[in-house]
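Have a look at the structure below, then the notes.
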Amino acid sequence: MSRIAARFAALKAEGRAGLVTFTTAGDPDAATSQAILDGLPAAGADLIELGMPFSDPMADGPAIQAASLRALAAGAGLASTLEMVSRFRAKDDATPIILMGYYNPIYAHGVEAFCREAAAAGVDGLIVVDLPPEEAEELAGPARRIGIDFIFLTAPTTDEARLPTVLEHAAGFVYYVSITGVTGTASASREAIAAAVARLRRHTSLPLAVGFGLKTAKQIAEVGDLADAAVVGSAIVQRLASGLDAAGKAPPGLAGEVLGFVKELSAGVRKS
Amino acid sequence: METLNTLRAGPDENGHFGIFGGRYVAETLMPLILSVERAYTQAKADPAFAAELASYLKHYVGRPSPLYFARRLTEAFGGAKIYLKREDLNHTGAHKVNNCMGQVLLARRMGKSRIIAETGAGQHGVATATVCALFGLKCVIYMGATDIERQAPNVYRMKLLGAEVKPVTAGAGTLKDAMNDALRDWVANVEDTYYMIGTVAGPHPYPAMVRDFQTVIGDEARGQIMEAEGRLPDSLVACIGGGSNAMGLFHPFLDDRSVRIIGVEAAGHGLSTGQHAASLKGGRPGVLHGNRTYLLQTADGQINEAHSISAGLDYPGIGPEHAWLHEIGRVEYVSATDDQAVEAFQLTTRLEGIIPALESSHAIAYAKTVAEDLGKHHVMVISLSGRGDKDVATVAKALGDNALGGLS
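Quick note, the sequences are listed as chains A and B, same order. Counting in the working numbering, the final residue of the first sequence is number 391, and the numbers go up one at a time with none missing. Counting in the working numbering, the final residue of the second sequence is number 409, and the numbers go up one at a time with none missing.
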């Protein structure tokens with residue numbers, strides 16, 4: 120069983136939803152980013168999305184775009200992202216890691232080589248925002264063959280007629296983008312999420328993760344009542360950004376501060 | 002597409018020209034892209050749509066645009082007969098309006114009430130704002146902060162036309178950053194908004210649709226040169242940023258193998274300096290803004306900023322059909338530097354009384370380098386894609402205060 124399937128099975132056995140966190144690899148520097156990554160499981164992250172920095176993150180809002188640019192300025196790239204995962208894996212063999220980003224850096228690296236290196240580093244899943252089902256097979260195929268789940272996004276605009284196309288090759292879990300918009304902006308209502316989750320459940324037996332616009336433990340608890348996991352990205356990235364010093368550098372203790380925030384969020388999926 | 006024995010049949014049903022093109026967008030946008038494609042397919046099959054577009058192109062845009070024999074440029078270059086396809090004489094002063102008129106009629110058919118667009122030089126922004134004013138549609142233009150500064154007259158024109166101009170400060174504040182923000186707007190306003198892409202790039206169906214709306218340039222030029230010379234031209238030359246004026250001129254001639262077709266990219270400070278906008282000569286295939294095409298990028302797949310004195314060519318990508326025509330060798334892609342373009346700008350102004358856009362000046366600059374060798378029997382058609390009034394300040398700056406003669 121893959122780490123992703125095992126983790127969702129374990130969550131189901133515990134009778135609770137999972138918390139999925141997003142941070143950008145190398146933001147704001149390699150050491151701080153690694154310290155955050157390594158500390159996420161203890162802080163309550165059940166699955167980890169690690170952003171692969173990209174110069175032009177069209178589907179992301181200002182917070183994650185800024186994180187990408189900070190990481191790139193600090194020298195991060197695809198190779199250093201995979202190294203981070205390797206170092207994490209040496210300490211934690213259970214928490215799933217999903218790389219999230221855009222296709223061009225992967226394409227530039229070479230799809231087959233990327234999949235091989237990602238699998239060797241201990242990557243469990245891929246979310247590539249600008250690869251819809253119509254274009255995904257050139258990466259999803261090699262990923263599948265090497266045992267990496269290619270995770271598809273569904274959105275409020277993905278109608279009933281289109282859902283089977285999107286879900287045909289879905290693996291790992293299904294990520295529901297709960298708003299029409301970029302990351303870190305508006306939040307969907309509980310009713311809208313409930314309706315969307317019910318609709319998706321009719322089409323797939325895979326676990327459902329809901330993201331975009333979630334900022335607080337309360338929102339996470341609400342989503343946790345409906346879906347199998349809640350994803351938080353921009354709020355964590357913003358917490359990191361607001362802790363930077365005037366020169367944009369990480370002061371001592373920043374990783375701990377970010378992890379403390381994750382711990383607060385994780386209360387949303389853990390019954391006290 | 003080669004099996005049909007024509008180079009004009011692309012793209013395939015998924016929007017691919019060879020390996021290029023496609024639909025590399027977030028899932029949230031996919032249903033919108035598909036609905037634009039459906040609407041365009043229906044419109045294309047509807048004679049009423051063609052008739053409505055033709056009427057606006059004639060009575061509002063002022064088509065057909067002349068094909069003008071440039072006698073004094075021909076003499077100065079000392080060889081090939083130079084014809085200029087006068088897209089600068091269109092309403093709004095450039096070829097961009099051909100596409101905007103087609104797309105705004107489509108947006109109206111789709112029942113959209115709000116139009117967004119990206120712009121570099123501001124020509125597409127002005128054309129978009131113009132058709133929105135004509136039809137009473139809300140209009141939002143994304144424009145890089147750097148471009149806003151160097152194209153101030155166009156910014157004011159857009160505002161006068163009733164558009165909201167949103168400055169984009171991310172990155173270098175140029176066209177690629179403006180396109181990122183336009184895509185972000187679209188994904189957040191899927192219900193009422195139509196994204197009017199200004200060049201033959203972006204996700205399918207845009208590269209094919211924009212091309213179709215621009216082929217009026219080549220279709221007219223074909224008839225006009227037959228009338229003037231009694232035969233097809235020996236060569237076609239056009240500048241390329243995204244490549245819409247070039248594609249519009251080239252496409253009707255792709256199957257005429259006797260016609261040499263030449264696209265001129267912006268070499269900025271020179272290809273060897275790294276400060277240029279020549280995606281084909283200085284880039285390699287990648288995926289950005291919805292399509293696979295040649296891109297200026299680092300070894301790690303991060304997108305580089307382009308550089309050109311001409312804001313309209315200052316983009317790190319190129320339309321996917323151009324990438325394909327490059328790979329199969331049907332079109333030759335060359336380049337001209339900032340300095341060459343400024344020289345051609347002055348020459349055309351002095352010799353013909355025509356102030357060409359700095360974009361178009363790249364095509365004229367290339368023609369200057371080859372015209373003599375081609376000889377007096379060679380007939381060349383150059384796309385004069387836009388007028389250069391918007392560039393006067395940029396050229397004055399490039400030439401220094403002395404050249405202004407106190408006019409600054």
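In this text, a Cβ means the ideal position worked out from N, Cα and C, and glycines have one as well. Since the structure is predicted, the reported quantities are computational estimates derived from the model, not experimental observations.
Legend entry - Backbone CA spacing between Ala178/A and Asp182/B [nearest angstrom]: 9 Å
Inset, instruction - Rank Val343/B, Leu385/B and Val371/B by C-alpha distance to the C-alpha of Ile355/B and give the top, closest one. - result: Leu385/B
Inset, instruction - Return the chain-ordered list of same chain residues with a C-beta closer than 8 Å to the C-beta of Gly407/B, the five sequence neighbours on each side being excluded. - result: Any reading at Gly407/B must be qualified, since the residue scores a pLDDT of 43, below 50, and its modelled position is unreliable; the value itself is stated next. No residues qualify anywhere along the chain.
Inset, instruction - Kindly list, in the order they appear in chain B, the residues whose Cβ is closer than 8 Å to that of Gln184/A. - result: Those within 8 Å of Gln184/A in chain B are Ala171.
Inset, instruction - Quick one: measure Cβ to Cβ for Arg9/B and Leu250/B, integer angstroms, because I've assumed they're closer than 8 Å. - result: Between the beta-carbon of Arg9/B and that of Leu250/B there is about 14 Å, and that puts the pair past the 8 Å contact cut.
Inset, instruction - Determine the extent of the beta strand (DSSP E) in which Gly145/B is found, giving its start and end residues. - result: Lys139 to Gly145
Legend entry - Closest residue to Tyr316/B among Ala189/B, Gly283/B, Lys377/B and Leu68/B (Cα-Cα distance): Gly283/B
Legend entry - Test: Asp392/B CB closer than 7 Å to a CB of chain A: no
Legend entry - Secondary structure of Pro160/A, DSSP reduced to three states: helix
Legend entry - Any C-beta of chain B under 7 Å from that of Ala125/A: no
Inset, instruction - Take Val421/B as the anchor and find which of Gly121/B, Ile117/B and Lys369/B has the nearest alpha-carbon. - result: With chain B running from 2 to 409 in the structure shown, residue 421/B is simply not present.
Inset, instruction - Measuring only between beta-carbons, confirm whether Asn246/B sits less than 7 Å from chain A. - result: No, Asn246/B does not count as interfacial toward chain A.
Inset, instruction - Rounded to whole angstroms, what's the CA-CA distance from Leu352/B to Leu188/A? Just pull it up for me. - result: In this structure, the alpha-carbon of Leu352/B lies about 48 Å from that of Leu188/A.
Inset, instruction - Determine, using beta carbons only, whether Pro206/B and Tyr41/B come nearer to each other than 7 Å. - result: yes
Inset, instruction - Pull out every residue of the stretch 274-298 of chain B whose Cβ sits closer than 9 Å to any Cβ of chain A, in chain order. - result: Arg285, Pro286, Gly287, Val288, Leu289, His290, Gly291, Arg293, Leu296 and Gln298
Inset, instruction - Consider the Cβ of Asp301/B: report whether some Cβ of chain A lies at a distance smaller than 7 Å. - result: yes
Legend entry - Beta-carbon gap between Ile226/B and Pro234/B smaller than 7 Å: yes
Legend entry - Cβ-based contacts, 7 Å cut-off: residues of the stretch 318-352 of chain A near chain B: none
Inset, instruction - Identify the contact partners of Tyr25/B in chain A, using a Cβ-Cβ distance below 8 Å as the criterion. - result: Tyr222, Asp249, Leu250, Pro251 and Glu254
Inset, instruction - Please state whether DSSP places Ala108/B in a helix, a strand or coil. - result: helix
Inset, instruction - May I ask whether a heavy atom of the ligand MG can be found less than 6 Å away from the beta carbon of Gly63/B? - result: Ligands displayed in this structure: none; no statement on the ligand MG is therefore possible.
Legend entry - Cα-Cα separation between Arg285/B and Ala132/A, rounded to whole angstroms: If I take the Cα positions, the gap works out to 49 Å.
Legend entry - Outcome for Pro48/B when other beta-carbon atoms lying within 10 angstroms are tallied against a minimum of 16: exposed
Inset, instruction - Return helix, strand or coil for Lys45/B, following the three-state DSSP convention. - result: helix
Inset, instruction - Identify every run of the alpha helix (DSSP H) within the stretch 235-298 of chain B, keeping only runs that are complete inside it and at least 4 residues long; order them along the chain. - result: 245-251 and 280-283
Inset, instruction - Check whether the Cβ atoms of Glu376/A and Gly362/A lie closer than 7 Å to each other. - result: Inclusion of Glu376/A and Gly362/A in the CB contact set at 7 Å is warranted, their separation being smaller than that value.
Inset, instruction - Round the Cβ separation of Arg399/B and His363/B to the nearest angstrom and send it over; I've been treating them as touching at under 8 Å. - result: For clarity, residue 399/B is Ala in the given sequence; the question names Arg instead. In fact, because the Cβ distance is near 14 Å, the residues do not count as touching under 8 Å.
Legend entry - Contacts around Gln276/B, its chain only, beta-carbon distance under 7 Å, and the 5 residues preceding and following it disregarded: Gly269, His270 and His308
Legend entry - Segment contact, 8 Å Cβ cut-off, at least three pairs: the stretch 168-176 of chain A with the stretch 125-145 of chain A: yes
Inset, instruction - Assuming Gly79/B contacts Ala372/B (C-beta within less than 8 Å), just tell me the rounded distance between them. - result: 7 Å
Legend entry - chain A contact residues for Arg185/B, given Cβ-Cβ distances below 7 Å: Met177 and Val301
Legend entry - Residue environment, Gln298/B, which counts as buried when at least 16 other CB atoms sit within 10 Å: buried
Inset, instruction - Throw me the rounded Cβ distance for the Gly244/A and Gly291/A pair, which I believe falls under 8 Å. - result: 5 Å
Inset, instruction - Please report the Cβ distance between Ala164/B and Val141/B, rounded to the nearest whole angstrom; I am assuming they are in contact, meaning their Cβ atoms lie under 8 Å. - result: 7 Å
Legend entry - Amino acids of chain A, ordered along the chain, whose beta-carbon sits closer than 7 Å to that of Arg175/B: Here residue 175/B is Thr; the residue named in the question, Arg, does not match the sequence. Within chain A, no residue comes near Thr175/B; the closest Cβ sits about 12 Å away, beyond 7 Å.
Inset, instruction - Starting from Gly330/A, trace the beta strand (DSSP E) both ways and give me its first and last residue. - result: Leu327 to Gly330
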